[in-house]
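Student: This note's numbering numbers the first residue of the sequence shown as 2 and each following residue consecutively.
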Amino acid sequence: MSSKKDLNVGLVGYGFMGRTHSNAWRKVGNFFDLEYAPRLKAVCGRDRNNTEAFAAQWGYESIETDWKAIVNRDDIDAVDICTPNNTHAEIALAAAAAGKMILCEKPLSMNAEEGKTMVEAVEKAGVANTVWYNYRRTPAVTLAKQLIDEGRLGKIFHYRANFLQDWTISSDLPQGGAGLWRLDVKAAGSGVTGDLLAHCIDTAIWLNGGIGEVTAMTETFIKQRMHNLTGKVEEVGIDDACSFLCRFGNGSLGLFESTRYARGHKALYTFEINGEKASIKWDLHDLHRLEYFDHGDDSRVRGWRSVHVTDGDMPYMDKWWVPGLQIGYEHTFVHQVADFLEGIAKGEPTKPDFKEALISQKVCDAVLQSAQSRQWVAVD
Ligand code: SOE
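#1: Along the chain, where does the alpha helix (DSSP H) that runs through residue 207 open and close?
#2: Are residue 107 and residue 128 closer than 7 Å when you measure CB to CB?
#3: Rounded to the nearest angstrom, what separates residue 21 and residue 57 at their Cα positions?
#4: Run through DSSP, which three-state label would residue 287 get?
#5: In three-state DSSP terms, what is residue 309?
#6: Which residue's Cα is closest to the Cα of residue 261: 164, 135, 273 and 375?
#7: Quick one: what does DSSP say residue 159 is sitting in, helix, strand or coil?
#8: Cα separation between residue 85 and residue 101?
#9: Can you tell me whether residue 354 is buried or exposed, with buried defined as 16 or more other CB within 10 angstroms of its CB?
#10: Considering only C-alpha positions, which residue in the set 363, 369 and 320 is nearest to residue 380?
#11: Please confirm whether any heavy atom of the ligand SOE lies closer than 6 Å to the CB of residue 196.
#12: What is the DSSP secondary structure of residue 169, reduced to helix, strand or coil?
#13: Can you name the residues that DSSP bridges to residue 79?
#14: According to DSSP, what are the bridge partners of residue 130?
#15: What separation, rounded to the nearest whole angstrom, lies between the Cα atoms of residue 237 and residue 184?
#16: Specify, as a first and last residue, the run of the beta strand (DSSP E) that residue 140 falls within.
#17: Pick out whichever of 78, 351, 67 and 48 has its Cα sitting closest to the Cα of residue 42.
#18: Quick check: the Cα distance between residue 120 and residue 359, rounded to an integer number of angstroms?
#19: By how many angstroms is the C-alpha of residue 316 removed from the C-alpha of residue 148?
#20: Out of curiosity, what's the CA-to-CA distance linking residue 152 and residue 64?
#21: Distance, Cα to Cα, residue 193 vs residue 328?
#22: Secondary structure at residue 381, three-state DSSP: helix, strand or coil?
#23: Rounded C-beta distance between residue 99 and residue 272? I'm assuming under 8 Å.
#24: I need the DSSP call for residue 330, collapsed to helix, strand or coil.
#25: Taking C-alpha atoms, which residue in 75, 301, 305 and 324 lies nearest to residue 311?
#26: If residue 104 sits next to residue 89, beta carbons under 8 Å apart, how far is it from one beta carbon to the other, in whole angstroms?
#27: Does residue 256 come out as helix, strand or coil in the three-state DSSP assignment?
#28: Starting from residue 273, follow its DSSP beta bridges and name the residues at the other end.
#29: May I ask which residues mark the beginning and end of the alpha helix (DSSP H) holding residue 246?
#30: What is the DSSP secondary structure of residue 352, counted as helix, strand or coil?
#31: Do residue 264 and residue 340 count as a contact pair if the criterion is CB distance below 7 Å?
#32: For residue 225 and residue 349, what's the separation of their Cα atoms in angstroms?
#33: State the DSSP-derived secondary structure class of residue 295, mapped to helix, strand or coil.
#34: Measure the CB-CB distance between residue 92 and residue 13 and report whether it falls below 7 Å.
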C-alpha cells in the first residue's frame, strides 16, 4: 500500500483548461516525489454525455452535472475551477465555505471588486488556494526570476511584453458558448486584457515588482457578432486589442501590447527586460530558451546568449529527462500542481494565491479604466 496521502480532486469544467489541468494531475506523481498523491475523484460539466466521455478519457472516477454537488461532496478535498470567468467567484465562494482547497483558472475574477470577495472567503476559511498563472513555471521564466533576484541585471530600466494572437480576425466568428465565451463580455469580463495581458502582468509583477500607474488604449475592431446562445447579432463588449504604458514601483518603465488581430501570430507571448548590467528576453514559441546579454562579458565575445534551459541544475529540469532534451507548455501545469502539493505538505501558500492574483486583477481594472477615461490611472 502507498504511504502517500490522497488528495481528492474535483474538476469543474472540461474545456481546454480542463484538459491541461487533468493532464497535470495525472502526470505529477510520475515525475515528482511528493507526500500527496492526487486522485481524480470527479469531473463536473452540464452536458452529461460529454462529461462522461471526458471522465472516461482522463480517468475521473465519477461525474456530476451541477458544480454544487462537487463542492458539497465529502470525498472531495480540492476544487479545481476551469469554467468561464463569470463563474469563478460563485464556485470559489461556495468551495471555501465548504472548507475545500481551491485551484482557480486565471484570471481570478471578472474584476477586482469580485476578486476581493474571493480573497476574503479563502482567508476566512483558511483553505489552500492558488491561481493558474502557469507561465511563471516555465523553467526559462523561473530561471529569469533567479537571475533577477541574484542582482545580475542590476537596476532595471525597461520591461516590455507582448501577447499576440490572430484567431478572431474573421467577422463570421460568433461570440458566446463553449469555446467562444472569451469573446462574450458577460462571460469573460474583458477581452485580451483579462485573457492575455493578465498573464503578462502576472509575470511582470513577479519578476519586476508592483505597478504604480498605467495609461492604456483598447480597440474593438469587430463591433457586432452573432451570439451563439441567443442566435442574435449582438454588440461585442470585449477589447480585441489593448496596449498600455506603466511605471513600476522600482522606477522602471513598462510597455505592454496584446491583440487577437496580429495576423501570423498564434500565441506569441514575449518579454524583454533591460537592466543596467544585463538584459533578458523570452519567447513562448521557443519556451525552453532564455536569451541573456551580459555587459560584463569580455567585449570580444560579448553578445546575446541563447541558453537552452534543459540542464538538471535549472528550475524543475532535474525532474524530467536528461540535459539537452526539452519540455513544453503542458509541463508548466504539472509544475503548478507539484508546487501546490508541496505547499500543502509544508503548510505554505502556492503563489500566486488569490491574494497575489488580486494584484494583477487590480492592474487589469486600472488598464481598462484608463482606456475608457483616456487618463493615467493609479493602481489601487
Ligand atoms: C486564449 O486563446 C488562451 O487560451 C488563454 O485563455 C490562455 O490563458 C493562454 O495561455 C493561451 O491563450
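Cβ atoms here follow ideal geometry from the backbone N, Cα and C, with glycine treated the same way.
Tutor: According to the data block:
#1: Residue 207: member of the alpha helix (DSSP H) spanning 199 to 209, first to last residue.
#2: no
#3: Between the alpha carbons of residue 21 and residue 57 lies a distance of about 16 Å.
#4: Helix.
#5: strand
#6: 164
#7: strand
#8: 20 Å
#9: That one is buried.
#10: 363
#11: yes
#12: coil
#13: According to DSSP, residue 79 bridges with 10 and 102.
#14: 103
#15: Each residue's alpha carbon lies about 7 Å from the other.
#16: Premise fails: residue 140 lies in the alpha helix (DSSP H), 140 to 150, not in any beta strand (DSSP E).
#17: 78
#18: Residue 120 and residue 359 have their C-alpha atoms spaced approximately 8 Å apart.
#19: 12 Å
#20: For the pair residue 152 and residue 64, the Cα-to-Cα distance works out to about 49 Å.
#21: Per the coordinates, the alpha-carbon of residue 193 lies some 27 Å from the alpha-carbon of residue 328.
#22: It is coil, neither helix nor strand.
#23: The pair is not a contact, with the Cβ atoms about 38 Å apart (cut-off 8 Å).
#24: The DSSP-derived three-state label of residue 330 is helix.
#25: 324
#26: With 8 Å as the limit, residue 104 and residue 89 do not qualify as a contact, their Cβ atoms being about 11 Å apart.
#27: strand
#28: 161 and 282
#29: Segment 242 to 249 is the beta strand (DSSP E) holding residue 246; no alpha helix (DSSP H) there.
#30: Reduced to three states, the DSSP call for residue 352 is coil.
#31: no
#32: 46 Å
#33: Residue state, collapsed to three classes: strand.
#34: In contact: residue 92 and residue 13 (Cβ atoms closer than 7 Å).
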